[in-house]
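In what follows, a single structure is set out as structure tokens and then discussed.
In this note's numbering, the protein residues as written are 25 to 90.
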């Protein structure tokens with residue numbers, strides 16, 4: 025199963041990443057860390073889904089794509 029971040033979470037994470045980088049960095053200077061921050065929305069959802077499936081007695085495990 026492939027999951028996505030919950031509604032509105034990606035926008036919040038984008039704002040956090042851009043706020044931390046500020047105006048002092050060009051986007052190409054922080055692309056790698058931006059990706060880590062924004063991907064955390066999917067990581068949370070994957071973990072929550074695995075927990076919910078386990079609660080129902082199913083084998084489940086979340087995986088990071090990198």
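Quick reminder that beta carbons are idealized off the backbone N, C-alpha and C, glycines included. Only a predicted model underlies this, so the values are computations on that prediction, with no experimental measurement involved.
Practice problem: Measure the beta-carbon distance from residue 28 to residue 57 and round it to whole angstroms, keeping in mind my assumption that it falls under 8 Å. | Solution: Cβ atoms of residue 28 and residue 57 stay farther apart than 8 Å, at about 21 Å.
* Asked: What distance in whole Å lies between the Cβ atoms of residue 86 and residue 76, which are believed to be in contact at a cut-off of 8 Å?
  -> Under the criterion of beta carbons closer than 8 Å, residue 76 and residue 86 do not qualify as touching, at roughly 11 Å.
Next on the checklist: Can you tell me whether residue 37 is buried or exposed? The criterion is at least 16 other CB atoms within 10 Å of its CB, across all chains shown.
Outcome noted: Result: buried.
Could you give the distance in angstroms between the alpha-carbon of residue 50 and the alpha-carbon of residue 82?
Going from the Cα of residue 50 to the Cα of residue 82 covers about 45 Å.
Segment limits, alpha helix (DSSP H) that includes residue 36
Run containing residue 36: 33-45, per the alpha helix (DSSP H) assignment.
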